[in-house]
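Q: Quick note on numbering: the sequence shown equals residues 344 to 690 in the numbering used here.
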Amino acid sequence: MQTYGSRNVDYGWWAGNSRFADRTGLWLAAHVAQASFIVLWAGAITLFEVARYTPSIPMGEQGLILIPHLAALGIGVGAGGVVVNTFPYTAIGAVHLISSFVFAFGAIFHVRFGPESIGEGSDSKFAFSWDDPKQLGLILGHHLLLLGLGAIFFVGWIRFHGVYDSTIGDVRIVSNPGATILSVIFEYGWFTPEHNPFFVNNLEDLASGHAFIGVVLLSGGVWHITQEPFAWAQRLLASLFSAEGLLSSALAGLSMLGFAAAYFSAVNTLAYPIEFFGPPLELQFNIMPYFVDSVDLPAGVYSARAWLCNVHFYLAFFVLQGHLWHAIRAIGFDFKKVSNAFATLSN
């Protein structure tokens, strides 16, 4: 963390991340606790949406967020996007709630009984420091492996279970999910006409895209686990090899994905079928850009697509500010100079 040259720094209560800088065991516990809260939210909101779901009203007009995603995955729906069984939603919500308790126990265990530093009293391969490129590359590699497995799992889901295909209005299996992978690489990759990735309009390309990204992520994971960052990369990205630098880079990636998800959910009707999320949105401007429903809805009612898109956009915007703040601190800028300058001007 940025100490501005002081040996003893007392951070305010709001700088919660500062407590993790020298206590990687607590850092691990915080990750597990965060997973617990996320899974708890997913389970509780799913059950809440099941309780208030009304079959006579279009799903996209009920202010739902999670059930539409499950329906788009081909769960509990039939021809025309009609929900035929809500029990899978209840079961998925319950499993998430139970899982959140397991994660919570893990977080408490690491706080109360775990070592203060990862690797303490165990195999040294689990130990790391914020300025150790090799160990940080090892951690990055495992993250990429998990992301790659998630993408491959989705491809398997499309192949063996099927997802809702809005072009035919029914759940469909893609028997050869990698058939159009060359198109994904050489056409979508170069934004050729009618191949804008934000407007992908068939399940074959959607499946092939996930297969391609999955292979790339898995390959990157293996690379970073087995290969230490090159010397030129360490020099170029020197500011990243610190607690603050890593936080800034994570926030940058999160912000970028948030903006991409906001626009994709606003305009794409294949991954976000109109039957479940409502029609595509219109972009408007005020103090900031925002997306509005393109159809008339009752006062105070917004489509699931509007909720999903705008929440992603504004969260991505504020996360971007966090990235800029921590990135500037990571390269050594002393923000106290700013306050001191204003104090000098006022005097």
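A virtual CB, placed ideally from N, CA and C, is assigned to each residue, including glycine.
Taking residue 671 as the reference, give the member of 645, 604, 590 with the closest Cα.
A: Ranking 645, 604, 590 by Cα distance to residue 671 puts 590 first.
Q: Per DSSP, which one or two residues make a beta bridge with residue 633?
A: Residue 633 pairs with 627.
Q: Measuring alpha carbon to alpha carbon, tell me which of 551, 509, 654, 600 ends up nearest residue 617.
A: Closest option to residue 617, Cα to Cα, is 509.
Q: Less than 9 angstroms between the beta carbons of residue 366 and residue 472, yes or no?
A: It is not a contact, given that the beta carbons lie outside the stated cut-off.
Q: Can you tell me whether residue 389 is buried or exposed? The criterion is at least 16 other CB atoms within 10 Å of its CB, across all chains shown.
A: Residue 389 is buried by the Cβ-count criterion.
Q: Under 9 angstroms, do residue 517 and residue 420 count as touching if we go by C-beta distance?
A: No, the pair does not count as a contact, with Cβ atoms beyond the cut-off.
Q: Answer with buried or exposed for residue 426, where buried requires no fewer than 16 other C-beta atoms within 10 angstroms of its C-beta.
A: It is buried - the Cβ of residue 426 has at least 16 other Cβ atoms within 10 Å.
Q: Would you say residue 609 and residue 402 are within 9 angstroms of each other, going by their C-beta atoms?
A: For residue 609 and residue 402, no; Cβs fall outside 9 angstroms.
Q: Which runs of the alpha helix (DSSP H), 4 residues or longer, sit entirely within the stretch 636-675?
A: With a minimum length of 4 residues, the continuous alpha helix (DSSP H) runs that stay inside the stretch 636-675 are 647-673.
Q: Can you grab the Cα-Cα spacing for the pair residue 636 / residue 654, in whole Å?
A: The straight-line gap from Cα to Cα measures roughly 14 angstroms.
Q: Since I believe residue 454 is in contact with residue 369 (beta carbons under 8 angstroms), could you give me their beta-carbon distance rounded to a whole number of angstroms?
A: Contact holds; Cβ gap of about 7 angstroms.
Q: By a C-beta neighbour count over all protein chains shown, 10 Å radius and 16 as the cutoff for buried, is residue 543 buried or exposed?
A: It is buried - the Cβ of residue 543 has at least 16 other Cβ atoms within 10 Å.
Q: For the putative contact between residue 447 and residue 376, defined by C-beta atoms under 8 angstroms, what is the C-beta separation to the nearest angstrom?
A: Contact flag correct, Cβ pair sits at about 7 angstroms.
Q: Between which two residues does the beta strand (DSSP E) holding residue 513 run?
A: Its beta strand (DSSP E) spans residues 513-515.
Q: I want to know whether the stretch 652-667 touches the stretch 566-573 - three or more CB-CB distances under 8 angstroms.
A: No: fewer than three Cβ pairs fall under 8 angstroms.
Q: Can you list, in chain order, the residues of its chain with a C-beta nearer than 8 angstroms to that of residue 408? Leave out the 5 residues immediately preceding and following it.
A: Here the set comprises 388, 392, 647, 650, 651.
Q: Could you check what DSSP says for residue 615 in three-state terms: helix, strand or coil?
A: Here residue 615 sits in coil by DSSP.
Q: Can you tell me the Cβ-Cβ gap for residue 524 and residue 554, rounded? I've got them flagged as a contact below 8 angstroms.
A: Indeed, because the Cβ distance is near 6 angstroms, the residues count as touching under 8 angstroms.
Q: Expressed to the nearest angstrom, what Euclidean distance is found between the alpha-carbon atoms of residue 665 and residue 597?
A: Approximately 11 angstroms, taken between the alpha carbons.
Q: Starting from the Cα of residue 623, find the closest Cα among 605, 520, 545 and give me that residue.
A: Measuring from the Cα of residue 623, the nearest candidate turns out to be 605.
Q: What do you reckon, are the CB atoms on residue 432 and residue 400 nearer than 9 angstroms?
A: Not closer than 9 angstroms, so no.
Q: Here's the rule I'm using: 16 or more other beta-carbon atoms within 10 Å means buried, otherwise exposed. How should residue 639 be labelled?
A: Result: exposed.
Q: According to DSSP, which residues form a beta bridge with residue 508?
A: Answer by DSSP bridge pairing, in chain order: 513.
Q: Hey, how far is the Cα of residue 564 from the Cα of residue 491?
A: C-alpha separation (whole angstroms): 8 angstroms.
Q: Does the distance from the C-beta atom of residue 663 to that of residue 594 stay below 9 angstroms?
A: Contact flag set, yes.
Q: Keeping to the same chain, check which residues put their C-beta closer than 7 angstroms to that of residue 530; ignore five residues upstream and five downstream.
A: Hits under 7 angstroms: 538.
Q: Would you identify the three-state DSSP class for residue 420, choosing helix, strand or coil?
A: Three-state DSSP puts residue 420 in a strand.
Q: Of all the options 612, 484, 631, which has the alpha carbon lying nearest to the alpha carbon of residue 560?
A: The shortest Cα separation from residue 560 among 612, 484, 631 belongs to 484.
Q: Around the Cβ of residue 583, are there at least 16 other Cβ atoms within 10 angstroms (buried) or fewer (exposed)?
A: It is buried - the Cβ of residue 583 has at least 16 other Cβ atoms within 10 Å.
Q: I need the DSSP call for residue 425, collapsed to helix, strand or coil.
A: Correct three-state label for residue 425: coil.
Q: Taking the alpha carbon of residue 645 as the reference point, which residue from 476, 566, 405, 397 has its own alpha carbon closest?
A: Minimum Cα distance to residue 645 is reached at 405.
Q: Among the candidates 580, 445, 397, whose CA atom is the shortest distance from the CA of residue 380?
A: Measuring from the Cα of residue 380, the nearest candidate turns out to be 445.
Q: What does the Cβ neighbour count give for residue 500, buried or exposed, with the cut at 16 atoms within 10 Å?
A: The residue in question, residue 500, is buried, as its Cβ has 16 or more Cβ neighbours within 10 Å.
Q: When the Cα of residue 661 is compared with those of 621, 620, 678, 599, which residue comes out closest?
A: Selected option, being the one with the closest Cα: 599.
Q: For the alpha helix (DSSP H) that residue 440 lies in, which residues bound it at each end?
A: That run of the alpha helix (DSSP H) goes 430-455.
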